[in-house]
Structures are given as C-alpha cells and as structure tokens.
Amino acid sequence: EQRLQGQNLPAAERAASMLRANPLYVLRNHLAQAAIDAAAQGDASEIETLLSLLRQPYEERPGFERYAEQAPAWAGKLAISCSS
Numbered sequence: 033e034q035r036l037q038g039q040n041l042p043a044a045e046r047a048a049s050m051l052r053a054n055p056l057y058v059l060r061n062h063l064a065q066a067a068i069d070a071a072a073q074g075d076a077s078e079i080e081t082l083l084s085l086l087r088q089p090y091e092e093r094p095g096f097e098r099y100a101e102q103a104p105a106w107a108g109k110l111a112i113s114c115s116s
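Residues 33 to 116, numbered by the numbering used here, are exactly what the sequence shown covers, in order.
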C-alpha cells in the first residue's frame, strides 16, 4: 500500500502495467492433463491449441477465454508428484 502511494500512478496505468507483466495464458495442470488425455486418444488438437496460446501468452485471443480463466475448484486439490 505504501509503495503504491509513493508511485503516484493512476489505477488504470497500474492495471495496464500488470497486464503487460503477467501473461494471460498460463499452462495449468488441468489444461495440460486434458490435452494429454485427448492426445492419448489420438486427438492432438488441444496440445496444438495450448502451444499456440503459450507461444504468445500476453496476446488476448477471442474464443479462447476458457484458457485464461482460473482453475476450477476441483483442480485446486490436485496432488502433483515428481518421482524419477
């Protein structure tokens, strides 16, 4: 809060700055798993879509809003393990 007051920037300018610094599209576990599941069934279109979005993650694309949404509630309970 104190830092924000010291910057003396309008809220709209701060918001625009955050949008430039934070990608719109982020690879989330539930999106990756859905793409993996589809590919296992012979449909690589979700992988292609994710790759396309992640190549330009700051560029908003009409029709792809669901890829920028917060993870669904059930996805917050995912347990990830990296075992080698």
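Here a beta-carbon is modelled for each residue, glycine too, at the ideal position from N, C-alpha and C.
Residue range of the alpha helix (DSSP H) that includes residue 40
Looking at the DSSP string, residue 40 is not in any alpha helix (DSSP H), and its letter there is neither H nor E.
DSSP three-state label for residue 134, please.
Absent from the model: residue 134. The displayed extent of the chain is 33 to 116, so no value can be given.
Residue 70 lies in the alpha helix (DSSP H); which residues open and close that run?
Taken as a continuous stretch (DSSP letters only), the alpha helix (DSSP H) holding residue 70 covers 61-72.
Hey, could you find the ends of the alpha helix (DSSP H) residue 97 is sitting in?
Here residue 97 belongs to no alpha helix (DSSP H), and DSSP marks it neither H nor E.
Among 52, 54, 82, nearest to residue 66 - alpha-carbon criterion
Checking every option, the nearest Cα to that of residue 66 belongs to 82.
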